[in-house]
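J.:
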Amino acid sequence: MLEARLEQANLLKKVVDAIKDLVQDCNFDCNDSGIALQAMDNSHVALVSMMLKSESFSPFRCDRNIALGINLTSLTKVLRAAQNEDILTLKAEDAPDVVNLVFESAESDRISEYDIKLMDIDQEHLGIPETEYAATISMPSAEFQRICRDLMALSESVSIECSKEGVKFACQGDIGSGSVTLRSHTNVDKPEMNVEIDLTEPVSLTFSLKYLVGFCKASSLSGQVKLCLSNEVPLLVEYALANNSYLRFYLAPKIGD
Amino acid sequence: VKNQKSILGFFQKK
Numbered sequence: 004m005l006e007a008r009l010e011q012a013n014l015l016k017k018v019v020d021a022i023k024d025l026v027q028d029c030n031f032d033c034n035d036s037g038i039a040l041q042a043m044d045n046s047h048v049a050l051v052s053m054m055l056k057s058e059s060f061s062p063f064r065c066d067r068n069i070a071l072g073i074n075l076t077s078l079t080k081v082l083r084a085a086q087n088e089d090i091l092t093l094k095a096e097d098a099p100d101v102v103n104l105v106f107e108s109a110e111s112d113r114i115s116e117y118d119i120k121l122m123d124i125d126q127e128h129l130g131i132p133e134t135e136y137a138a139t140i141s142m143p144s145a146e147f148q149r150i151c152r153d154l155m156a157l158s159e160s161v162s163i164e165c166s167k168e169g170v171k172f173a174c175q176g177d178i179g180s181g182s183v184t185l186r187s188h189t190n191v192d193k194p195e196m197n198v199e200i201d202l203t204e205p206v207s208l209t210f211s212l213k214y215l216v217g218f219c220k221a222s223s224l225s226g227q228v229k230l231c232l233s234n235e236v237p238l239l240v241e242y243a244l245a246n247n248s249y250l251r252f253y254l255a256p257k258i259g260d
Numbered sequence: 004v005k006n007q008k009s010i011l012g013f014f015q016k017k
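Take a look at the structure:
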């Protein structure tokens, strides 16, 4: 059986909120290492990969591999009933029909309990190859969100060019063009404001802004976002969570003109 | 999406 207790419901609320517009039905794969999720969007352009390590829960117990097929719209409805600060416990039997969610208020004696019916989801897992990326950029997640939103006002797509000069986000649209360039930057007082660019060779790729703006819904999960790029491979957008847990998005590039 | 590659072109089904 599965029993996983999260100190704050907020974490799951934010994760589900960040992915629910991208994927609708998905398996939460539970085993003794934690709870994982991998799903593609309907157009097969983007892939979300979530890992909530067992260390992110206290306690965490999962004796066997259990796949919880959950509709994220249903999960969102139930998670809305949880306060951000509530303690959240997920429970399921070994061959479950439902997943049980318990929300406990730390301040009051209120305990709420919900069951969500599970779905049988036949989901194919994709093998994600280990990649030595040509460029890795760590930057404030709010900055990345702002750049994507600003450029989306002009164009459907953005080119991300990484060179010794820095990283340049550029777009061209009907009304004109725009770009934002960031250079490496260290803020001793506020490390979450750092921009770090690790480059082994120059990269230039084009991506759909609609997807990137969608990924940025995860911004509240982490002060920093990591972008990993290599020519001709999907972009990796990673939001690191505590205890080596993570929320990753992969986005296939667009073909250049 | 026009000119958009698929993620399946990069990651293989297990």
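Residue numbers (this note's numbering), protein chains in the order written: chain A, 4 to 260; chain B, 4 to 17.
Where is the CB? At the ideal position from N, CA and C, for every residue including glycine.
Everything numeric in this text was worked out from a predicted model, so none of it was measured.
#1: Taking the beta carbon of Ala98 (chain A) as the centre, do at least 16 other beta carbons fall within 10 Å, making it buried, or is it exposed?
#2: Do the stretch 185 to 193 of chain A and the stretch 90 to 108 of chain A touch if we need at least three Cβ pairs shorter than 8 Å?
#3: Can you give the Cα-Cα distance for Ser166 (chain A) and Pro205 (chain A), rounded to whole angstroms?
#4: Could you give the residue range of the alpha helix (DSSP H) that holds Leu121 (chain A)?
#5: Report the neighbours of Ile163 (chain A) on chain B: residues whose CB is nearer than 7 Å to its CB, in chain order.
#6: Let me confirm a value: Val4 (chain B) is counted as buried when at least 16 other C-beta atoms fall within 10 Å, else exposed. Which label applies?
#7: Counting only beta-carbon atoms, is Val48 (chain A) nearer than 8 Å to chain B?
#8: Who does Gly12 (chain B) pair with in a DSSP beta bridge?
#9: Check for me: the beta strand (DSSP E) holding Arg152 (chain A) runs from which residue to which?
#10: DSSP on Ser223 (chain A), reduced to helix/strand/coil?
#11: Taking the CB atoms as reference points, tell me whether Ser225 (chain A) and Tyr214 (chain A) lie closer together than 8 Å.
#12: Can you name the residues of chain B whose CB is closer than 9 Å to the CB of Val236 (chain A)?
#13: Is Val51 (chain A) near Ile69 (chain A), with beta carbons less than 8 Å apart?
#14: How about His128 (chain A): is its C-beta nearer than 8 Å to some C-beta of chain B?
#15: Apart from the five residues just before and just after Lys78 (chain A), which ones in its own chain have a Cβ nearer than 7 Å to its Cβ?
#16: For Gly176 (chain A), which residues from the same chain have a beta carbon less than 7 Å from its beta carbon, with the 5 sequence-adjacent residues on both sides left out?
#17: Can you tell me whether Gln41 (chain A) is buried or exposed, with buried defined as 16 or more other CB within 10 angstroms of its CB?
#18: Would you say Asp28 (chain A) and Gly72 (chain A) are within 8 Å of each other, going by their C-beta atoms?
#19: Just confirm the distance between the C-beta atoms of Leu104 (chain A) and Leu93 (chain A), as a whole number of angstroms; I'd bet it's less than 8 Å.
#20: Got a sec? Which residues, its chain only, sit under 6 Å from Tyr253 (chain A) by beta carbon, not counting five neighbours each side?
#21: Out of A:Met43, A:Thr203, A:Asp35, which has the shortest C-alpha to C-alpha gap to Met125 (chain A)?
T.: Quick answer:
#1: exposed
#2: no
#3: 5 Å
#4: Counting along the chain, Leu121 (chain A) falls outside any alpha helix (DSSP H), and DSSP gives it neither H nor E.
#5: In chain order: nothing, as chain B lies at least about 15 Å away.
#6: Note that Val4 (chain B) has pLDDT 49, beneath the 50 cutoff, so the model's placement of it is unreliable and no number is given.
#7: yes
#8: Per DSSP, none; premise fails for Gly12 (chain B).
#9: Segment 144 to 155 is the alpha helix (DSSP H) holding Arg152 (chain A); no beta strand (DSSP E) there.
#10: helix
#11: no
#12: Phe13
#13: no
#14: yes
#15: Per the sequence presented here, residue 78 (chain A) reads as Leu, with Lys not at that position. Closer than 7 Å at the Cβ level, and outside the excluded window around Leu78 (chain A), lie Val19, Ile119.
#16: Leu157, Ser158
#17: buried
#18: yes
#19: 6 Å
#20: Leu50, Pro237, Leu239
#21: Note that residue 125 (chain A) corresponds to Asp in the displayed sequence, not to Met. Of the listed residues, the one whose Cα sits closest to Asp125 (chain A) is A:Met43.
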